[in-house]
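Q: According to this note's numbering, the sequence shown is numbered sequentially starting from 46. Have a look at the structure that comes next, please.
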Amino acid sequence: MYEPDNGARLLKDTPRLGDALNDLRSAEAPRLSLDRVVEVARRQLPLDVVYVAEFRDGRQVYRAVAGDAASFNIVLGQGPALEDTYCQRLLAGEIPCVIPDATADERVARLAITRESNIGAYAGVPLRVPDGTLYGTICCVGHSPEPTLDESAVQLLTTVGELIVEDLDGPRRRESLRQELSKLIEAESLDVAYQPIVDLRTDQFLGIEALARFP
46 MYEPDNGARL
56 LKDTPRLGDA
66 LNDLRSAEAP
76 RLSLDRVVEV
86 ARRQLPLDVV
96 YVAEFRDGRQ
106 VYRAVAGDAA
116 SFNIVLGQGP
126 ALEDTYCQRL
136 LAGEIPCVIP
146 DATADERVAR
156 LAITRESNIG
166 AYAGVPLRVP
176 DGTLYGTICC
186 VGHSPEPTLD
196 ESAVQLLTTV
206 GELIVEDLDG
216 PRRRESLRQE
226 LSKLIEAESL
236 DVAYQPIVDL
246 RTDQFLGIEA
256 LARFP
């Protein structure tokens with residue numbers, strides 16, 4: 046388990062963390078759900094909540110969460126406008142990956158989300174799917190400042206992120222394809238190609254196959 050006075054050695058000196066990550070990586074182990082992976086991460090970090098968020102349509106949409114989500118106003122399938130979030134500022138290079146004391150950091154202390162969600166500490170890293178496309182972030186937050194929070198939390202979040210991006214990519218790609226197809230259908234951007242069906246033994250015309258083709 047994480048020990049507050051040994052935060053800097055979170056990864057190196059925590060056998061249970063190593064065992065947990067080895068279990069998650071094992072090719073022979075049953076595939077664990079996203080929620081289970083996020084819960085493993087939460088148990089090894091000194092903060093209250095770990096969450097995975099997707100960036101979609103200008104919002105940070107929560108896809109998985111472990112911990113006391115309600116106290117941070119986190120609701121699965123919902124989320125705030127990106128412009129109001131720590132994660133957007135992280136990706137823009139405006140804040141670091143680790144903020145041990147959000148109440149004393151002038152870059153975030155006065156943000157509405159810091160006050161409304163009572164954020165005292167934060168760590169996060171970007172999530173990119175295998176083709177390099179940005180999916181969102183995996184982050185952890187706490188209500189109280191956490192002076193031991195350091196780069197070891199970033200290492201853990203990065204490792205966990207690498208384990209889940211492939212599972213995240215499938216639904217993202219299917220949803221993207223569904224949206225593109227819906228747009229084409231609504232705009233009637235379809236061509237119809239007609240192909241005769243002929244009996245090659247008799248040269249008899251049997252019918253027509255109509256094929257709907259996208260541009």
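Quick reminder that beta carbons are idealized off the backbone N, C-alpha and C, glycines included.
On the criterion of 16 or more Cβ atoms from any shown chain inside 10 Å, does Gln123 qualify as buried, or is it exposed?
A: exposed
Q: Can you list, in chain order, the stretches of the alpha helix (DSSP H) that have 4 or more residues and sit fully within the stretch 126-177?
A: 131-136 and 157-161
Q: Touching or not, the stretch 77-88 and the stretch 159-177, by the rule of three or more beta carbon pairs under 8 Å?
A: no
Q: By alpha-carbon positions, which one of Glu231, Ile158, Leu202 and Glu233 ends up nearest to Pro91?
A: It is Leu202 whose Cα lies nearest to the Cα of Pro91.
Q: Return no unless some Cβ of chain B is closer than 9 Å to the Cβ of Ala109.
A: As a matter of chain content, chain B is missing from the structure shown, which is built from one protein chain.
Q: What residues match up with Thr182 in a beta bridge as DSSP calls it?
A: Ala98 and Pro171
Q: So, are the CB atoms of Val186 and Tyr180 less than 9 Å apart?
A: Going by C-beta atoms, Val186 is not nearer than 9 Å to Tyr180.
Q: Give the straight-line distance between the Cα atoms of Arg76 and Tyr96, rounded to the nearest whole angstrom.
A: Unreliable positioning characterises Arg76 in this predicted model, as indicated by a pLDDT of 46, which lies under 50. A coordinate reading is not provided.
Q: Measuring CB to CB, does Glu79 end up less than 9 Å from Asp212?
A: Sequence inspection shows Leu at residue 79; the Glu mentioned does not correspond to that position. Yes, the pair counts as a contact, with Cβ atoms nearer than the cut-off.
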